[in-house]
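J.: Here the sequence shown stands for residues 25 to 152, numbered as in our numbering. The beta carbon of each residue, even a glycine, is placed where N, CA and C say it ideally should be. Provided herewith is a single structure, encoded as C-alpha coordinates, for subsequent inquiry.
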Amino acid sequence: MTGEAVNPKAYPLADAQLTITILDLVQQAANYKQLKKGANEATKTLNRGISEFVVMAADAEPLEIILHLPLLAEDKNVPYVFVPSKQALGRATGVTRPVIACSVTSNEGSQLRSQIQQLKDAIEKLLI
(Lines of atoms letter the chains of each structure in order from A; the text may use other names.)
(Lines give C-alpha, C1' and ligand atoms only; values in the text may rest on other atoms or scores of the structure.)
Protein backbone atom coordinates (compact mmCIF):
# COMPACT_ATOMS: atom_id res chain seq x y z
CA MET A 25 0.00 0.00 0.00
CA THR A 26 1.36 3.41 -0.91
CA GLY A 27 1.13 6.29 1.53
CA GLU A 28 -0.20 8.76 -1.02
CA ALA A 29 -3.28 10.79 -0.16
CA VAL A 30 -6.53 9.17 -1.19
CA ASN A 31 -9.13 11.31 -2.94
CA PRO A 32 -11.61 12.59 -0.29
CA LYS A 33 -14.47 11.83 -2.71
CA ALA A 34 -13.69 8.13 -2.17
CA TYR A 35 -16.07 7.67 0.73
CA PRO A 36 -16.55 5.31 2.58
CA LEU A 37 -12.98 4.01 2.50
CA ALA A 38 -12.34 0.63 4.13
CA ASP A 39 -9.61 0.44 6.76
CA ALA A 40 -6.73 -2.04 6.38
CA GLN A 41 -8.49 -4.91 8.17
CA LEU A 42 -11.79 -4.49 6.30
CA THR A 43 -9.91 -4.15 3.00
CA ILE A 44 -8.31 -7.57 3.55
CA THR A 45 -11.74 -9.07 4.33
CA ILE A 46 -13.31 -7.45 1.26
CA LEU A 47 -10.52 -8.55 -1.11
CA ASP A 48 -10.70 -12.08 0.33
CA LEU A 49 -14.45 -12.27 -0.33
CA VAL A 50 -13.99 -10.76 -3.81
CA GLN A 51 -11.47 -13.53 -4.54
CA GLN A 52 -13.92 -16.22 -3.38
CA ALA A 53 -16.75 -14.61 -5.36
CA ALA A 54 -14.53 -14.76 -8.46
CA ASN A 55 -14.01 -18.49 -7.86
CA TYR A 56 -17.78 -19.01 -7.51
CA LYS A 57 -18.44 -16.97 -10.69
CA GLN A 58 -20.30 -14.39 -8.59
CA LEU A 59 -18.22 -11.41 -9.63
CA LYS A 60 -18.49 -8.79 -12.36
CA LYS A 61 -15.30 -6.82 -13.00
CA GLY A 62 -15.09 -3.25 -14.25
CA ALA A 63 -17.17 -0.10 -13.92
CA ASN A 64 -19.45 -0.96 -16.86
CA GLU A 65 -20.23 -4.47 -15.59
CA ALA A 66 -20.82 -3.13 -12.06
CA THR A 67 -23.25 -0.57 -13.49
CA LYS A 68 -25.11 -3.36 -15.32
CA THR A 69 -25.46 -5.51 -12.19
CA LEU A 70 -26.86 -2.53 -10.26
CA ASN A 71 -29.35 -1.73 -13.02
CA ARG A 72 -30.45 -5.37 -13.19
CA GLY A 73 -30.80 -5.58 -9.41
CA ILE A 74 -28.46 -8.56 -9.00
CA SER A 75 -25.67 -6.78 -7.12
CA GLU A 76 -25.00 -7.69 -3.45
CA PHE A 77 -22.43 -4.94 -2.99
CA VAL A 78 -20.02 -2.85 -5.04
CA VAL A 79 -16.29 -2.43 -4.41
CA MET A 80 -14.42 0.48 -6.02
CA ALA A 81 -10.76 1.51 -6.07
CA ALA A 82 -10.02 4.86 -4.45
CA ASP A 83 -6.96 5.36 -6.65
CA ALA A 84 -8.85 5.27 -9.98
CA GLU A 85 -7.61 8.02 -12.29
CA PRO A 86 -9.64 10.18 -12.67
CA LEU A 87 -11.94 9.11 -9.82
CA GLU A 88 -14.95 10.67 -11.59
CA ILE A 89 -15.15 7.71 -13.98
CA ILE A 90 -16.61 5.58 -11.16
CA LEU A 91 -18.43 8.23 -9.11
CA HIS A 92 -21.75 7.39 -10.80
CA LEU A 93 -21.66 4.01 -9.00
CA PRO A 94 -22.25 5.26 -5.42
CA LEU A 95 -25.25 7.28 -6.64
CA LEU A 96 -26.71 4.31 -8.47
CA ALA A 97 -25.97 2.00 -5.52
CA GLU A 98 -27.78 4.35 -3.13
CA ASP A 99 -30.79 4.44 -5.46
CA LYS A 100 -30.91 0.65 -5.46
CA ASN A 101 -30.13 0.30 -1.71
CA VAL A 102 -26.91 -1.61 -2.42
CA PRO A 103 -23.97 -1.10 -0.04
CA TYR A 104 -20.74 0.15 -1.63
CA VAL A 105 -17.21 0.66 -0.38
CA PHE A 106 -13.85 1.94 -1.61
CA VAL A 107 -10.59 0.04 -1.19
CA PRO A 108 -7.27 1.92 -1.43
CA SER A 109 -5.68 0.05 -4.36
CA LYS A 110 -6.91 -0.82 -7.87
CA GLN A 111 -3.88 -3.11 -8.23
CA ALA A 112 -4.89 -5.16 -5.17
CA LEU A 113 -8.52 -5.22 -6.38
CA GLY A 114 -7.34 -6.51 -9.75
CA ARG A 115 -5.33 -9.28 -8.09
CA ALA A 116 -8.29 -10.27 -5.92
CA THR A 117 -10.58 -10.51 -8.96
CA GLY A 118 -8.09 -12.86 -10.58
CA VAL A 119 -6.86 -10.72 -13.46
CA THR A 120 -3.42 -9.21 -14.08
CA ARG A 121 -4.77 -5.73 -14.84
CA PRO A 122 -5.82 -3.13 -12.25
CA VAL A 123 -9.60 -3.18 -11.65
CA ILE A 124 -11.29 0.07 -10.62
CA ALA A 125 -14.68 -1.38 -9.76
CA CYS A 126 -16.36 -4.74 -9.28
CA SER A 127 -19.71 -6.03 -8.15
CA VAL A 128 -20.42 -9.20 -6.17
CA THR A 129 -23.64 -10.66 -7.56
CA SER A 130 -26.37 -12.56 -5.76
CA ASN A 131 -26.84 -16.30 -6.05
CA GLU A 132 -29.41 -18.07 -3.87
CA GLY A 133 -27.67 -21.40 -3.31
CA SER A 134 -24.23 -19.89 -2.75
CA GLN A 135 -21.86 -20.92 0.02
CA LEU A 136 -20.81 -17.27 0.30
CA ARG A 137 -24.26 -16.17 1.51
CA SER A 138 -23.36 -15.69 5.20
CA GLN A 139 -19.98 -14.07 4.45
CA ILE A 140 -21.60 -11.65 2.00
CA GLN A 141 -24.22 -10.74 4.64
CA GLN A 142 -21.56 -10.11 7.31
CA LEU A 143 -19.57 -7.91 4.93
CA LYS A 144 -22.69 -5.97 3.89
CA ASP A 145 -23.36 -5.23 7.56
CA ALA A 146 -19.76 -4.06 8.06
CA ILE A 147 -19.99 -1.79 4.99
CA GLU A 148 -23.32 -0.35 6.15
CA LYS A 149 -21.74 0.51 9.53
CA LEU A 150 -19.17 2.62 7.62
CA LEU A 151 -21.94 4.56 5.90
CA ILE A 152 -23.61 5.56 9.17
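(1) Considering only the alpha carbon of each residue, which of 148, 130, 106 lies closest to residue 44?
(2) Ordered along the chain, which non-local residues of its own chain (more than five positions away) have a Cβ less than 7 Å from that of residue 146?
(3) Roughly how many angstroms lie between the CA atoms of residue 94 and residue 137, to the nearest whole one?
(4) Under the rule that 16 or more other beta-carbon atoms within 10 Å means buried, what is residue 83, buried or exposed?
(5) In the DSSP output, which residue or residues are listed as bridge partners for residue 57?
(6) Closer than 8 Å by C-beta to residue 135: which residues in its own chain qualify, once you throw out the five before and the five after it? Chain order, please.
(7) On the criterion of 16 or more Cβ atoms from any shown chain inside 10 Å, does residue 69 qualify as buried, or is it exposed?
(8) Given that a residue counts as buried once 16 or more other Cβ atoms are within 10 Å of its Cβ, and exposed if not, what is residue 58?
(9) Go ahead and label residue 151 buried or exposed: buried means 16 or more other beta carbons lie within 10 angstroms of its beta carbon, across all protein chains shown.
(10) Write down the C-beta distance between residue 103 and residue 144 rounded to the nearest angstrom, noting that I regard them as a contact closer than 8 Å.
(11) Hey, how far is the Cα of residue 35 from the Cα of residue 133?
(12) Of all the beta strand (DSSP E) runs that stay within the bounds of the segment 60 to 128, which reach a length of 3 or more residues?
(13) In terms of residues, what are the limits of the alpha helix (DSSP H) holding residue 145?
T.: So, from the listed chains and residues:
(1) Counted from its first residue, the sequence shown places residue 44 at position 20. Out of 148, 130, 106, 106 has the C-alpha closest to the C-alpha of residue 44.
(2) Translated into positions along the sequence shown, residue 146 becomes position 122. Closer than 7 Å at the Cβ level, and outside the excluded window around residue 146, lie 42.
(3) Counted from its first residue, the sequence shown places residue 94 at position 70. Counted from its first residue, the sequence shown places residue 137 at position 113. Computed Cα separation, rounded: 23 Å.
(4) Residue mapping note: residue 83 aligns to position 59 of the sequence shown, counting from 1. Residue 83 should be labelled buried.
(5) Position 33 of the sequence shown, counted from the start, is the residue given in the question as residue 57. BP columns for residue 57 are empty, so no partner.
(6) Start at 1 with the first residue of the sequence shown, and residue 135 comes out as number 111. Closer than 8 Å at the Cβ level, and outside the excluded window around residue 135, lie 56.
(7) Stepping through the sequence shown from its first residue, residue 69 is reached at position 45. Buried, since its Cβ has 16 or more Cβ neighbours within 10 Å.
(8) In the sequence shown, residue 58 corresponds to position 34, counting from 1. The residue is buried, with at least 16 neighbouring Cβ atoms inside 10 Å.
(9) Your numbering for residue 151 matches position 127 in the sequence shown. So residue 151 counts as exposed.
(10) Taking the first residue of the sequence shown as position 1, residue 103 is located at position 79. Taking the first residue of the sequence shown as position 1, residue 144 is located at position 120. The pair is a contact, with the Cβ atoms about 5 Å apart (cut-off 8 Å).
(11) On the sequence shown, residue 35 is found 11 positions in, with the first residue counted as 1. On the sequence shown, residue 133 is found 109 positions in, with the first residue counted as 1. Rounded to the nearest angstrom, the two C-alpha atoms are 32 Å apart.
(12) 75 to 81, 104 to 107
(13) Sequence index remark: in the sequence shown, residue 145 carries index 121 (1-based). Residue 145 -> alpha helix (DSSP H) spans 137 to 151.
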